[in-house]
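Asks: Structure in structure tokens, see below.
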Amino acid sequence: MPRPIPWLLALGAAICVMPCSAQLPAADPVGLRGDIGGLWYDPDNSGQGLHLDVLDGGRVTLSWYTFDAEGRPLWLIGLGEVDGDAADLALSQASGGRFPTLADDGDVAIESVGTARIVFSGCDTAELDFSSSTGELPDGVIGLHRLTATQGVRCHADEEFGERRHFSFERGALQFSPVFADLPPDGQDIYELEFAWETLPAPLQARRGIRLGGHNRSDDLAMLVKAPLRGLQPDALYRVELALEMASDVPRGCAGVGGSPGDSVYMKLGASAIEPLAVEQMEGAAPILRLNIDFGVQSTSGTQALVVGDLANTQSCDDLSLGRWELKSLNTRSANFRARTDATGTLWVVAGLDSAFEGRTDVYFTALDVYLEPVAE
Numbered sequence: 094m095p096r097p098i099p100w101l102l103a104l105g106a107a108i109c110v111m112p113c114s115a116q117l118p119a120a121d122p123v124g125l126r127g128d129i130g131g132l133w134y135d136p137d138n139s140g141q142g143l144h145l146d147v148l149d150g151g152r153v154t155l156s157w158y159t160f161d162a163e164g165r166p167l168w169l170i171g172l173g174e175v176d177g178d179a180a181d182l183a184l185s186q187a188s189g190g191r192f193p194t195l196a197d198d199g200d201v202a203i204e205s206v207g208t209a210r211i212v213f214s215g216c217d218t219a220e221l222d223f224s225s226s227t228g229e230l231p232d233g234v235i236g237l238h239r240l241t242a243t244q245g246v247r248c249h250a251d252e253e254f255g256e257r258r259h260f261s262f263e264r265g266a267l268q269f270s271p272v273f274a275d276l277p278p279d280g281q282d283i284y285e286l287e288f289a290w291e292t293l294p295a296p297l298q299a300r301r302g303i304r305l306g307g308h309n310r311s312d313d314l315a316m317l318v319k320a321p322l323r324g325l326q327p328d329a330l331y332r333v334e335l336a337l338e339m340a341s342d343v344p345r346g347c348a349g350v351g352g353s354p355g356d357s358v359y360m361k362l363g364a365s366a367i368e369p370l371a372v373e374q375m376e377g378a379a380p381i382l383r384l385n386i387d388f389g390v391q392s393t394s395g396t397q398a399l400v401v402g403d404l405a406n407t408q409s410c411d412d413l414s415l416g417r418w419e420l421k422s423l424n425t426r427s428a429n430f431r432a433r434t435d436a437t438g439t440l441w442v443v444a445g446l447d448s449a450f451e452g453r454t455d456v457y458f459t460a461l462d463v464y465l466e467p468v469a470e
């Protein structure tokens, strides 16, 4: 009989629909903060792991979901303090309780089981040293990797970048405007191009954002938003990191004309010293609108925009006939992306898609973060 997939392994499989090689890169710890919290696990021991939170006052809480020496589920709770790039915690277990909706809530007892010291070597790697106080569990050292991070929270960004520009599209379109390219200048009505700031569909109806929409009828369609970042150093080279929060209702693995409606719609983020525009040019005997920046072509990155993923969400076409809107985060974190400002200290940022799917595409952008750090030539 096949072994059931443990809950933490199942969660990891769901999270890593996109290649997990795109996880956060390691960063030298500078003292524990809330941005290092989340679910952590030992890859050699599936089905168990721990949840860590860093609180005000230098306190740390831990919930450790594991098993005892007999293989029975064991839940350890810990409270401790930050010690530089480490945390020291006292661990306890509760027993005698009952499920909350039962009339008899039981007689809960809290028993100390030992201590743990967790030393962090980066945003996503750590080592846990456990010492038992009862002798029922063996002492030992466990390697840990972070499985999840809080949405929209970038670990150690304040130490790696001198400036952050945050755009929340809950407040409106702000300074962002649309650009549509890779289509003829005449007859664009059949492309059904749309740009709007509006409420997201259910179940995300509590959110608002920018919607880009269009029907790809030319085997290729680029749709993006742009905005200027002003007040930077003039004619200066910057290390730039962009992080986009978006919403998609397109499942993964669907078939479509020209390509998949999710997997073949490539999301891109970038920056340029010149304002991105759709410029008319002749290709053969026919005019066409092309971008004046190097946005790349479909699945290929350009020098001024990088492919960061695709439009597909976590659902599968095998399971669903209709998609459900989900939030999704994409970023340029794994790339050493650089861009130069113009003579006035302005840098244009772009977020958009390059579609090979010859059908209708809609996407919502809900937030964009831009991290900036001037670098030597």
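FYI, the numbering for the sequence shown is 94 to 470, going by the numbering used here. Ideal Cβ placement from N, Cα and C applies to all residues, glycine included. The structure presented is a predicted model; accordingly, all values stated were derived computationally and were not measured.
Quick one: what's N424 bridged to in DSSP?
Replies: N424 pairs with A336.
Asks: What are the boundary residues of the alpha helix (DSSP H) that includes E174?
Replies: Careful: E174 lies outside any alpha helix (DSSP H), inside the beta strand (DSSP E) at 166 to 176.
Asks: On the DSSP bridge assignment, give the partners of Q374 in chain order.
Replies: According to DSSP, which records beta bridges pairwise, Q374 is partnered with I381.
Asks: Can you tell me the Cα-Cα spacing of D178 and Y134, whole angstroms?
Replies: Distance between the alpha carbons of D178 and Y134 is about 18 Å.
Asks: Is it buried or exposed, N429, if we count other Cβ atoms within 10 angstroms and call 16 or more buried?
Replies: With fewer than 16 other Cβ atoms within 10 Å, it is exposed.
Asks: On the criterion of 16 or more Cβ atoms from any shown chain inside 10 Å, does S353 qualify as buried, or is it exposed?
Replies: It counts as buried.
Asks: Could you work out which residue in E373, D275, C410 is closest to C347 when comparing CA atoms only?
Replies: The shortest C-alpha separation from C347 is found at C410.
Asks: Can you tell me the Cα-Cα spacing of E174 and P136, whole angstroms?
Replies: About 26 Å.
Asks: Answer with yes or no whether the minimum CB distance from G173 to chain D is below 8 Å.
Replies: This model lacks chain D altogether, as it is built from one protein chain only.
Asks: Between V206, R152, V246, which has its C-alpha nearest A460's C-alpha?
Replies: The residue with the shortest Cα to Cα distance from A460 is V246.
Asks: Secondary structure at A250, three-state DSSP: helix, strand or coil?
Replies: Correct three-state label for A250: helix.
Asks: What did DSSP end up calling Q281 once you bin it into helix, strand or coil?
Replies: Helix, per DSSP.
Asks: If contacts are defined as beta-carbon pairs under 8 Å, then L382 and P467 qualify, I think. What distance do you get, rounded to the angstrom?
Replies: Contact doesn't hold; Cβ gap of about 34 Å is too wide.
Asks: Distance check for C248 and D356, CA to CA, integer angstroms please.
Replies: Between D356 and C248, the C-alpha separation is close to 28 Å.
Asks: Just to confirm my understanding: we take D197, look at its own chain, exclude 5 residues before and 5 after, and list those with CB closer than 6 Å. What are they?
Replies: R191, listed in sequence order.
Asks: With DSSP collapsed to three states, give me the class of D149.
Replies: In the structure shown, D149 sits in a helix (DSSP, three-state: H, G or I).
Asks: When DSSP labels each residue in this structure, what does D462 get in the three-state scheme?
Replies: Three-state result, D462: strand.
Asks: Compare the C-alpha of Y331 against each of S188, A295, G438, A340 and name the closest.
Replies: If we check each option's Cα against that of Y331, G438 comes out closest.
Asks: List the DSSP bridge partners of L399.
Replies: Beta-bridge pairing links L399 to L362.
Asks: DSSP three-state call for G228: helix, strand or coil?
Replies: Looking at G228 - three-state DSSP - the assignment turns out to be coil, as it is neither helix nor strand.
Asks: Taking its Cβ as the centre, do 16 or more other Cβ atoms sit within 10 Å of D266, making it buried, or is it exposed?
Replies: According to the sequence as given, residue 266 is Ala; it is not Asp. With 16 or more other Cβ atoms within 10 Å, it is buried.
Asks: Can you name, in chain order, every residue of its own chain whose Cβ lies under 6 Å from the Cβ of D128, other than the five neighbours on each side?
Replies: Only V246, C248 meet the Cβ criterion.
Asks: Please report the distance separating the alpha-carbon of Y457 from that of G377.
Replies: Y457 and G377: Cα-Cα distance of roughly 35 Å.
Asks: With a 10 Å radius around its C-beta and 16 neighbouring C-beta atoms as the bar for buried, classify R345 as buried or exposed.
Replies: The residue in question, R345, is buried, as its Cβ has 16 or more Cβ neighbours within 10 Å.
Asks: Run through DSSP, which three-state label would I129 get?
Replies: If DSSP states are grouped into helix, strand and coil, I129 belongs with the helices.
Asks: Using the Cα positions of E131 and G140, report the straight-line distance between them to the nearest angstrom.
Replies: Correcting the residue type first, residue 131 is Gly in the shown sequence and not Glu. So the alpha carbons of these two residues sit roughly 16 Å apart.
Asks: Closest to G151 by CA distance: which of R126, I303, S392, W157 is it?
Replies: Checking every option, the nearest Cα to that of G151 belongs to R126.
Asks: Go through its chain and collect everything with a Cβ distance to R257's Cβ below 6 Å, but skip five positions before and after it.
Replies: Cβ within range, chain order: Y464.
Asks: Nearest by alpha-carbon distance to E338: which of I170, E451, G302 is it?
Replies: Among I170, E451, G302, the Cα nearest to that of E338 belongs to G302.
Asks: May I have the straight-line CA-CA distance separating S390 from R417, to the nearest angstrom?
Replies: Checking the displayed sequence, the identity of residue 390 turns out to be Val instead of Ser. Cα to Cα, the separation comes out at about 28 Å.
Asks: From this set, F262, D232, E285, which residue's C-alpha is nearest F273's C-alpha?
Replies: Measuring from the Cα of F273, the nearest candidate turns out to be E285.
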